[in-house]
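Heads up, the sequence shown stops at 72 in our numbering, and the numbers go up one at a time, no gaps.
A short write-up of the structure that comes next.
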Amino acid sequence: MNLDQVKPGLKVRIVALNSPQGFILRKDYMNNRRLGAVGVIKGFVGGHGGDVWWVEHDGTLAPCCFDEFVPA
Numbered sequence: 001m002n003l004d005q006v007k008p009g010l011k012v013r014i015v016a017l018n019s020p021q022g023f024i025l026r027k028d029y030m031n032n033r034r035l036g037a038v039g040v041i042k043g044f045v046g047g048h049g050g051d052v053w054w055v056e057h058d059g060t061l062a063p064c065c066f067d068e069f070v071p072a
């Protein structure tokens, strides 16, 4: 997905789970990442250059890179 299209409130589907190397986040957030999940962009993850976004799905928050999701 084009990074310029990512905005809070956008409904997305997780289509890839690339290596989280370089993510500096708590393990419980990292464990929330789910391939195929459908969720909503809540905002960007600070400290990650605008490439990583919070996706809320199933009542949890998961960090996902912009190239791991597509509009749902």
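Cβ coordinates follow ideal geometry from the N, Cα and C atoms, glycine included.
Bridge-paired residues (DSSP) for residue i
i, result
"F44", "W53"
"K11", "V40"
"F69", "I14"
"P63", "W54"
Sub-7 Å separation of residue i and residue j beta-carbons
i, j, result
"F69", "I14", "yes"
"G36", "F44", "no"
"G39", "V55", "yes"
"L17", "F66", "no"
Option in the options with minimal Cα separation from residue i
i, options, result
"K7", "V52, H48, I41, L61", "I41"
Supposed contact pair residue j and residue i - C-beta distance, whole angstroms, cut 8 Å
i, j, result
"A72", "R33", "Actually they do not touch by this definition, with Cβ atoms about 16 Å apart."
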